[in-house]
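For the sequence shown, counting from 1, position 24 maps to 26 in my numbering; every step adds exactly one.
The structure appears right after this line, and notes come after that.
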Amino acid sequence: MEDGEIAQNLYCNDTDFQNTLDMISILVKHSSYVYSQMARKPTGPNQSTRRSSFRKPALTTSTKPM
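Spelled out as structure tokens, the structure:
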């Protein structure tokens, strides 16, 4: 199993199988919640926004007539 190969069939009882399904259901709900929170809240300016915020004042001052 260390290399990802399963040489024989694995068996579990009904209780273990149901517990696994319950855990998967909770993990799907949790990951959906986390993803929706990430998509909703901006984390701050990204790299391109930071660059453009520094370039705009420099461009406006350099294009002013003397």
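Where a beta carbon is used, it is the ideal one built from N, C-alpha and C, also for glycine.
In this text the structure is predicted, and so the values were computed from the model without any measurement.
Alpha carbon to alpha carbon, how far is residue i from residue j?
| i | j | result |
| --- | --- | --- |
| residue 35 | residue 25 | 15 Å |
| residue 39 | residue 23 | 25 Å |
| residue 28 | residue 9 | 30 Å |
| residue 13 | residue 32 | 28 Å |
| residue 16 | residue 5 | 28 Å |
| residue 18 | residue 37 | 28 Å |
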